[in-house]
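Step one of this worksheet: look at the structure below.
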Amino acid sequence: MMIQNYVCSIILLALGMYMLMVKKNLIQIVCGLGLLDYGVNLFIVSVGYNEGGTAPLYVGSELEYLAKNGAVYFVDPVPQALTLTSIVIGACVTAMALSIVIRIGQTYGTLEADQIRRLRG
Amino acid sequence: MFDNLINKSAAKSPWLFHINAGSCNGCDIELVAVLTPRYDAERLGFRLAGTPRHADIVVVTGPLTAQIKDRVLRTIEQVPEPRCIVTMGSCPASGNVFKDGYTYAGPLSKYVDVDVDIAGCAAKPETVLEGLYQAAMILEQKRKDMKNKGGQI
Amino acid sequence: MMNYVEHFPALATMVLFLGAFLVTIFGGKNKTLRIFLAMAAATASFVMVLCVAKYVIIDGNIITYWLGNWTPVKDYAIGIGLEVDSLNAFFALLVTLTTYLSGWYSIKYMSRDEGGDYYYTLYLMLSGSVLGLVLTGDIFNMFVMIEIMTFACVALTAFRNWSKGALEAGFKYLVIGSLGSTCTLTGIALLYAQCHTLNMAQLSAMIAKVGITGNSTMILAFALLITGFGIKSYAVPFHFVAADAYMAAPASVSMLFSGMVNKAGVYGLIRVCYIILQTMGLGKVQTLLVAVGTVSMFVGVTMALNQHDFKRLLAFHSISQIGYVLTAIGLGTALGVAGGLYHAMNHTLFKGLLFLCAGAVYYATGRTNLNNMGGLAKKMPQTCIIFLIAAFSISGLPPFNGFVSKWMIYQAIYAKSAQSFGYLFVTVVALITSTLTLASFIKVTQSAFFGQSRPEFDDVKEVPGSMLLPMWVMAILCVFTGVAPKFVTEKLITPAVNAVMSVNKYIDTMMGAGYTEKITGSAATEISAEQITIGNWTPVMWLVLFGIVLVAFTVVAVFGKSSRGYTNNSKEQPDNKHATFFGGEMATRSTVVGSDLFWGFRHNFKGYFEKLEGIHSGVVNDYAVWAIGALAVFVMYLNAVL
Amino acid sequence: MFNPMWLFYILVFPGALFCFVAGTLLNGLDRKVYAKMQQRIGPPILQPFYDFMKLMGKETIIPYEANKTVFLGAPVVGFVALVTIMLLLPQFGFTAFGELNADMIVIIYLLTIPAASIIIGGAASGSPYAGVGISREMVSVISFELPLVMVLLAIGKKAGGDGVTFSMKAIADYQAANGAMICQWSMIPAALAMLLVVPCEVGCHPFDVAEAETEICEGPLVEYSGAPLGVFKLNYYVKQLVVSALFAALFLGGKGTGIVAADAAIFYGECLLVTFFSMTLIRATCARLKVEQVFKFYWTVVAGLALVSLVLAWFGL
Amino acid sequence: MAFDFPFVKEALTQMFKKSSCEEYPFKPKEAFPNYRGRIVFHGDRCIKCGLCEKVCAGGAIHNVLISEDEEKEVYERTFDLTSCTFCSYCSDFCSKSAIELTGDFHMTGTKHEDLLVKGQYTKVKKKPVAKAAPAAKAESCDNKAE
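Residue numbers (our numbering), protein chains in the order written: chain S, 1 to 121; chain Y, 122 to 274; chain A, 275 to 916; chain B, 917 to 1233; chain Z, 1234 to 1379.
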């Protein structure tokens, strides 16, 4: 059941890398970065999934579940924490990238990556 | 303590710097002929130096034309102190056939005190060798004077 | 009772972050408070790390510190742990030293830039994140620190947004940097999927149990981590953005870049290859790292030869010196790692010093293009002397520190070449790169400091004292590490190498004694901390000789004194006697600078240089293609090999 | 720790005095044989000594553009490095500082210091001729570095037996055990390559592109006069001695006679032989090359020779 | 590129042959048979025709009156070797062959006088009374005319 999560995150990663490599407009590159981040976040969340596990919250009901079939079955909370930070980081990356793109647009007058190459050689 | 040794070696390894002040190249090839195996000035220690800073003896050939006058004087001034100035051939000494020409800026001795004159319109290599030998002896004497005068010339 | 030193690692990082926030809040208006706060934070963290270093390296014990006191439960690490062994302490020392000196330097250097108040926030954030990265024992914590470092780097690169390529360099750095972070994060996620833990010590034990050869997810994780940390250490396929970033950033920040940020990348690589995945023993992985190191050595230095911008030249040299460090570390032998670490320390010292010199020249003359500089030695004598010390130590001339570490690296590579033929060529490339480094620094010396002085530099003054002080401190350190190699290796390098080599000690102290046996079943093999021999080259004899001969020549020269006069008058228009010899002409101004040097070498390599400059096209997409292509090559190679 | 013998070594035998006398004598003989080859008498044997003493007596002009301290300090640094190499070279098993297993890497880097001192001195003199001279000097240093390194690696592999060695002591012991290195047939291309590297390292005529007195007026030394120029000329003589001594130590080793003086005499004889074959003969018969010809020659022909013996040594031949 | 070793054979063989060098300052050497070297001036033969002065391209020859009394004038003719081209025109044009260019080539001088050849000659002045004699001659040719 988790296969489509992994497949989907691989597709997102591939799409992100494709946009980074091929798209010339800076904003599309920033979108590519976003896609990369979403791919990784999806991947991390799906790593933490346990078959038939419930949300990792102690609400008291799990005590009798424990008595009933001997094991409390939570989904692994650690990857979810990782994903939180990763999402925040993704957001900050996009914010900073877009602010720089705006400034580049003002100074260079264009957003095409081919024209923004004063530092070369 | 090395003093007399240095004075003697000043005569034993005089390095030449050749300035062509408008010469017809007759004297130039004679000067270089002196360094060839036949006359071999190197056995007396003579060697052509690339810059005036390395030179001891400045050999001037050719009549001092107006255009090259200040360049020759500037180069001679850049030669470090115990130095000799040798005029080779008749042109620098007196201007030879170019004496009354409008470009002629006068004999070298008008601006600089010349030590040895080597006569001959295209001086014979033996004469050049003898002249340079005399210049080397003068160098030793100059080195002594410089030493006694405290060196701050 | 945990004595106070145990708290210092966490405290040092927090002090820097706290300083950053305080500076933003209070430092807005008046400058002195802002500088005071920043320098207070930097000094506090420097002192704390010094104590940690003494405690860890000299006394030889390892600090383990669980945040929130969440100690491992039933041999399972649940909290975030900080572990500081000799390797961490060594790199932490480098980081805080560079931060502290760069702080002093930037007080005066950044005073002219108008956006000065936010500079210190970013500066403290950058140093805090790198210090955090180096001290942590938890792999996700390391990832978060990498992210903060990338943000701070991007912001500092684009700090002077009016200068030629700063914004462009910032954007490219952001793209490739976040590509690297994504690779690292995916690698960490894969490791977590396999071992369900984030603590490095436990991770390495679990991986040793799970085994890496044949396990394709682990190989993919290894390839991703190598690419992630490779991007952070600016090895060749990922070095394009580094060249732009160093050039665009202010000099005190480029010093941080070349001193800390790429060292953090190298630290990450050491951690991943030697300790977490313990794959350094395999020959094939060694060839991978050595290949990357050799290519970055040669490409870095050949690109540097053609540059005519001072800081871009230094940037390419950083890339080539990191190539040295990676080659040495990739060898896998104790001498190799020792050479690599020693060279990393030396590189931080002399490369930082070179960037400070570049900053001083920019501060005094406002130019960084080598083609229109000249004759600064007379106007800025101290900077010139410091520059000569740094240039000689980077090109490895004996009395300075570059020589000792390069010597260790050559011995290590050459000893390794007994097994396979390839390493002979690595030695040859390493030696040729060292000569080319000397060549490019001769070019800088001739174009910037010596040569004919320019009329517009007449009112150039020496840089103020507060900038010169850190430069002199680093210069003295450069000479000290060069003249006393035995002392430095015993005290600093050997403990760090032992920390790298003896992994089990690292795991046991973190997770409790006997942990590795229980998990991996292999006894805790204790690598004997043998003394790394580098041949007892005693430069003291060299200096004694230098003194004696100097005295001899002054006597001989003085004896001739009476017959010679120092005639170097400083009148404005030199008289003929002291004018430069121009073949008799009046001494006009003609400089032989920058791009018209080394014609013979460049003429023969014309094809190679044109292709190389073509590759550095400046388009973001090409850089992304190179990075992702390198990732693909690593994955394929490692799958084929492991 | 600092035994008095060191002072004797540093100052007298393989140190400063020996280098001064032996280097000057070597250059005198070199010039005499060079002259004889051109059918001329040639200067007296002590001519380099006279040159040096004369330069010591001349006036030192420091040009206006020059940077005084570096301008005067550069030559001494070069001389010190050259004398240090001479101290580290094994002469038939006797090395002045024997316990230092100073090895080839130290010697390679010590050999770059004289070239660096000429370059920094030329840069400090601030003349455009010197600028061009510096660029040519550095290109010739780069050009001879590749073959030199390959030759040393080949010898290290050969003398190392199964492993590899950098240390000169091991090479000297290897040659003492089984004959001079040049007799091993696999080392002959390396010996030839090293023989061709020697003139470029010294800056001898066909490869003296940096100090071409006819084209760029003595290159880096254009503004030097008096005592500093004398020391630079002395550096040239001592470098001739040191580089041929390096060749002799690497290729013409063997079992010494036990008496240090006799060993030193034979060693000096070998240096003369090397100087004759590598410098005088090539100098008498070839014209000066252009700078990129020098580079191409060393990085293709001579490097190829060195590579041949490197590969042969690698396969244990 | 062809880096051949030209002349190695000659270089090696010549090392042992005798050098083709004339040790000039230490072994004397004569000039070639009719070498045009230092000028020698035979003052007595000179008749002060001044032809040599006119014909000298370098203007090296000067004539100075030293002393004069009633019946003869003493002149001094100087040849300035430093501005002479040794073309030997003066010796060719001198009808009385008073000027001769010898084979001596040791013409170096530290002072100007070393390279100055001097020669004195006297010129006897004619008596003024000689005018009468031509008158007598005039009569002799008149009576021939009647």
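Even glycine gets a Cβ: it sits at the ideal position worked out from N, Cα and C.
query                                                                                                                                        : result
When A:Met-419, A:Val-404, A:Asp-349 and A:Phe-445 are compared against Ala-113 (chain S), the one with the closest alpha-carbon             : A:Phe-445
Contacts of Ile-706 (chain A) in chain B (Cβ-Cβ under 8 angstroms)                                                                           : Ile-1058, Glu-1061, Leu-1062 and Val-1065
Buried/exposed call for Gln-693 (chain A), threshold 16 Cβ in 10 Å                                                                           : exposed
Three CB pairs or more closer than 8 angstroms across the region 556 to 565 of chain A and the region 648 to 657 of chain A                  : no
Pair within 8 angstroms by beta-carbon distance, Gln-1156 (chain B) and Asp-1019 (chain B)                                                   : no
beta-carbon Val-1190 (chain B) near the ligand SAH non-hydrogen atom, thresh 7 angstroms                                                     : Of the ligands one can find in the structure shown there are none, so the ligand SAH has no counterpart to examine.
Strand pairing of Thr-186 (chain Y), partner residues [DSSP]                                                                                 : Y:Tyr-225
Any chain B beta carbon closer than 8 angstroms to Ser-134 (chain Y)                                                                         : yes
Any chain Z beta carbon closer than 8 angstroms to Gln-262 (chain Y)                                                                         : no
Bridge-paired residues (DSSP) for Trp-136 (chain Y)                                                                                          : Y:Arg-168
Contact set for Ala-316 (chain A): own chain, Cβ-Cβ below 6 angstroms, skip 5 residues either direction                                      : Thr-373, Tyr-374 and Gly-377
When A:Val-757, A:His-852 and A:Ala-906 are compared against Thr-196 (chain Y), the one with the closest alpha-carbon                        : A:His-852
Alpha carbon of Thr-711 (chain A) to alpha carbon of Leu-971 (chain B), nearest angstrom                                                     : 34 angstroms
Gln-248 (chain A): first and last residue of the uninterrupted alpha helix (DSSP H) it sits in                                               : The requested residue 248 (chain A) does not occur in the structure, where chain A is confined to residues 275 to 916.
Integer Cβ distance of Gln-975 (chain A) from Thr-865 (chain A), believed to fall under 8 angstroms                                          : Coverage of chain A is limited to positions 275 through 916, which leaves residue 975 (chain A) absent and any answer about it impossible.
Limits of the unbroken alpha helix (DSSP H) element including Met-745 (chain A)                                                              : 739 to 757
Unbroken alpha helix (DSSP H) run spanning Asp-518 (chain A), endpoints                                                                      : 514 to 522
Cut-off 7 angstroms between Cβ atoms - residues of its own chain near Tyr-65 (chain S), not counting five sequence neighbours on either side : Val-72
Best match in B:Gly-1076, B:Asp-1078, B:Leu-1221 and B:Ile-1050 for proximity to Ala-1109 (chain B) [C-alpha to C-alpha]                     : B:Leu-1221
contact_flag[the region 156 to 166 of chain Y, the region 190 to 208 of chain Y] where n(CB pairs < 8 angstroms) is 3 or more                : no
Buried/exposed call for Cys-325 (chain A), threshold 16 Cβ in 10 Å                                                                           : exposed
Nearest-angstrom Cα separation, counted from Ser-144 (chain Y) out to Thr-1315 (chain Z)                                                     : 15 angstroms
Validate contact between the region 103 to 120 of chain S and the region 892 to 910 of chain A using beta carbons, cut 8 angstroms, 3 pairs  : yes
Expected contact under 8 angstroms - CB spacing of Ile-29 (chain S) and Val-449 (chain A) to nearest Å                                       : 6 angstroms
In DSSP terms, what Asn-1296 (chain Z) is bridged to                                                                                         : Z:Arg-1310
Segment contact, 8 angstroms Cβ cut-off, at least three pairs: the region 695 to 702 of chain A with the region 1061 to 1080 of chain B      : yes
Neighbouring residues, chain B, relative to Thr-186 (chain Y) (Cβ below 7 angstroms)                                                         : Within 7 angstroms Cβ-Cβ: nothing; Thr-186 (chain Y) doesn't reach chain B, min ~23 angstroms.
Where Ile-1175 (chain B) falls, given that 16 or more other Cβ within 10 Å makes a residue buried                                            : exposed
CA-to-CA distance, Ala-758 (chain A) to Gly-301 (chain A), given in whole angstroms                                                          : 42 angstroms
Residues of the region 878 to 900 of chain A whose Cβ lies closer than 7 angstroms to any Cβ of chain B, in chain order                      : Asn-878
Closest by C-alpha distance to Leu-1137 (chain B), when choosing among B:Lys-952, B:Leu-988, B:Leu-941 and B:Met-969                         : B:Leu-988
Contact under 8 angstroms by Cβ, Met-1340 (chain Z) with Gly-241 (chain Y)                                                                   : yes
C-alpha distance - Glu-1129 (chain B) paired with Val-218 (chain Y), whole-angstrom precision                                                : 33 angstroms
Close beta carbons around Ile-781 (chain A), own chain, < 7 angstroms, minus the five adjacent residues each side                            : Ala-475, Ser-478, Ala-479, Tyr-789 and Thr-790
Identity of the residues DSSP links to Leu-356 (chain A) by a beta bridge                                                                    : A:Tyr-339 and A:Thr-410
Member of S:Ser-46, S:Phe-74, S:Asn-69 and S:Leu-42 whose CA lies at the smallest distance from the CA of Val-59 (chain S)                   : S:Phe-74
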